[in-house]
Amino acid sequence: MRITFLGHVGMFVESSVGSVLCDPWFTPAYFGSWFPYPRNDTLDPEQFAHPDYLYISHLHRDHFDPDWLAAHVDRSAQVLLPDFGVPYLEEQLAALGFVDVVRCPHGVPVDLDGLTVTVLAQTAPADGPLGDSAIIIDDGTTRVLNQNDARPGSAAELVDRGPYHAQFVQFSGAIWYPVAYSFDAPTKAKLAQAKRRNGMDRARQYIDWVGAAHVFPCAGPPAFLDDDLAALNDFDDDEANIFPDQRVFLRELADHGYRNAHLIVPGSVIELDAGDARVTHPSPSAATEPFADKRAYLAAYAADWRDWLVAERSGWSSGRRDLVADLKEWFEPLLARAPITSSGVGGVVVLDVGEGAVAIDFVAGEVRPWRGGACVYRVETERALVEACVERHIEDWVNALFLSARFVAHREGPFNEYVMTFFKSLSNDRIDFVERCYAELRDVRDEWFERDGWRIERFCPHRQADLMEFAEIDGERLTCALHHWEFDLASGECLTSPDRVLRCRRIGERS
Ligand code: FES
């Protein structure tokens, strides 16, 4: 098997029984915030334009690049479609002309005349843009796990489908928390440090579980080339930066005794022959230049894209809108359909664009002008960005405004998942889907395990991770290692999101 790495988590997998193009990403994403790092704009698209199969893991714009797909990829490619339970990925690919679809049921090997693919779909409301996935590709000799952003909640889900010759795994940040928040500087630094640490620890945990012969860190970090965002880049291996690069993580792996992890950059070719791996970089400097003097590298990269960024910014909005009126018409019917999400938010969310700021009241179910006053979440951002979301009728603002990190967020209290779930569900069918999911999650499963003197429900109240595998217990504190939510075992209280409760008790106590 031969894999050409395309940058971020894009890859072109070739074997004697077929080729798969996975998540090619070349067009800067999220209102010009994210660029592939190291840069991949020198690769020749024609080399990857005629795959037998096209696999898009999910709709986040650093994985699904409609402009590039439309311009370059042969429409005869068959789509390997994850089973998300919602049609959005299929619809968007069909709109581009990719209509030949192989449906891949969750976790079921699909035989494609000698090439076997298994797609693991994640379908909770919090999973990506309503759906995220990983893929296992097996040509009969070599088996590869491309995990990209997906975080399966059970080790068995991955392990039972091995052994693997190679694993591609995410280790760096891909979120706006805590960088876009208005925390004071020491608090933000502390939270960012923990976030960076958690991301790399989680990647190591997956590497340990999967036990692949070779590991390839990928799927981030992005490069931030706009002057407004340049400070987000991890120039100096800052312990309080959530975007560590490949070199940092490979050093971390080496420090922990891993000898099977490899650096790959856009254009690197990996030759896998069962347990052997040979990596060839496109040039001797390609593997060093992006990291040796990162400031200079990103400055040159930014200079090359300056005109593009100017054009991008000028296209955000075509005119001044009455946002209150627009969002009243759009959001109020959605609020009426979303009792679980609304009660989860439980207050007012403000889009603070200065004059004409908008209050979305999830308790009253109404949208109105905001003139100050209490709110659970306030997003301070440029009017042109919100107007662009309205003009383009973007039904998933997480996949546009929020991942852009072009805002400052103020929040009362801890993380509230329902706020972001609402902003990624801005259509009737989307909000109906998440309401159904939340209703099902309320039907808790009655499975338990015992550890360290505690009897604990088996599945995490956040996103149902198997706590027999993910629970880390320290005294009366339980941390679920999948997203690092914390619970007080004595009370069951969730310390990360107070609307969740972990059912648990000390062994010997009456329930
Ligand atoms: S599943 Fe997310 S913290 Fe447990």
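Heads up: take any position in the sequence shown, counting from 1, add 560, and you land on the numbering used here. The beta carbon of each residue, even a glycine, is placed where N, CA and C say it ideally should be.
Indicate whether residue 594 and residue 621 have their beta-carbon atoms separated by less than 9 Å.
-> yes
CA-to-CA distance, residue 755 to residue 748, given in whole angstroms = 10 Å
In angstroms with no decimal places, state the Cα-to-Cα distance between residue 698 and residue 874.
-> 45 Å
Taking 8 Å as the cut-off, is the CB of residue 519 close to at least one heavy atom of the ligand FES?
-> Because the chain here runs from 561 to 1071, residue 519 falls outside it and cannot be looked at.
Check each candidate in 605, 683, 707 and name the one with the smallest Cα separation from residue 1001.
-> 683
Apply the 10 Å Cβ neighbour rule to residue 531 and answer buried if 16 or more other Cβ atoms are within range, or exposed otherwise.
-> Residue coverage of the chain in this structure runs from 561 to 1071, which leaves residue 531 outside it and unanswerable.
My guess is that residue 679 and residue 695 are in contact by the Cβ rule of under 8 Å, so how many angstroms apart are they, rounded?
-> 5 Å
If you draw a straight line from the alpha carbon of residue 1075 to that of residue 804, how long is it in whole angstroms?
-> Given that the chain is displayed from residue 561 to residue 1071, the structure contains no residue 1075 and the question cannot be resolved.
Taking 8 Å as the threshold, find out whether the region 888 to 899 comes into contact with the region 920 to 937 through three or more Cβ pairs.
-> yes
In the DSSP assignment, what residue or residues form a beta bridge with residue 774?
-> 726
Fully enclosed by the region 917 to 968, which alpha helix (DSSP H) runs are 4 residues long or longer?
-> 943 to 951
Please indicate yes or no: does the CB of residue 1042 lie closer than 8 Å to some heavy atom of the ligand FES?
-> yes
With 16 other CB atoms within 10 Å as the buried threshold, where does residue 991 fall?
-> buried
With DSSP as the reference, label residue 983 as helix, strand or coil.
-> helix
Apart from the five residues just before and just after residue 854, which ones in its own chain have a Cβ nearer than 6 Å to its Cβ?
-> 795
Would the beta-carbon of residue 825 fall within 9 Å of that of residue 570?
-> no
Which residues mark the beginning and the end of the beta strand (DSSP E) in which residue 575 is found?
-> 570 to 575
Any heavy atom of the ligand FES closer than 8 Å to the CB of residue 769?
-> no
Under a three-way DSSP split, which group does residue 567 fall into?
-> strand
Could you say which of 664, 705, 915, 619 lies nearest to residue 946 if we only look at CA atoms?
-> 915
In whole angstroms, what separates the C-alpha of residue 976 from that of residue 701?
-> 45 Å
The alpha helix (DSSP H) spanning residue 613 covers which residue range?
-> Not the alpha helix (DSSP H): residue 613 falls in the beta strand (DSSP E), residues 613 to 615.
Could you tell me the boundaries of the beta strand (DSSP E) in which residue 661 lies?
-> 661 to 664
Might you give, ordered along the chain, the residues of its own chain that have their beta carbon closer than 6 Å to the beta carbon of residue 608, omitting 5 neighbours on each side?
-> 572, 581
Pull up the DSSP beta-bridge partners for residue 824, would you.
-> Its beta-bridge partners do not exist; DSSP assigns none.
Distance between residue 1015 and residue 611 (C-alpha atoms, nearest Å) | 51 Å
Determine which residues share a DSSP beta bridge with residue 1020 and list them.
-> In the DSSP output, where bridge partners are listed per residue, residue 1020 has none listed.
Rounded to a whole number of angstroms, what is the C-alpha to C-alpha distance between residue 664 and residue 844?
-> 39 Å
On a CA-only basis, which of 964, 764, 659 is nearest residue 872? Give me that one, please.
-> 964
Three-pair Cβ contact test at 8 Å for the region 763 to 778 versus the region 712 to 732 | yes
Is any heavy atom of the ligand FES found at a distance shorter than 8 Å from the C-beta of residue 1009?
-> no
With a threshold of 16 other CB atoms inside 10 Å of the CB of residue 759, please say whether the residue is buried or exposed.
-> buried
Pick out the complete alpha helix (DSSP H) segments inside the region 618 to 701, 4 residues or longer, and give them in chain order.
-> 626 to 632, 648 to 655
Less than 8 Å between the CB of residue 730 and some heavy atom of the ligand FES, yes or no?
-> no
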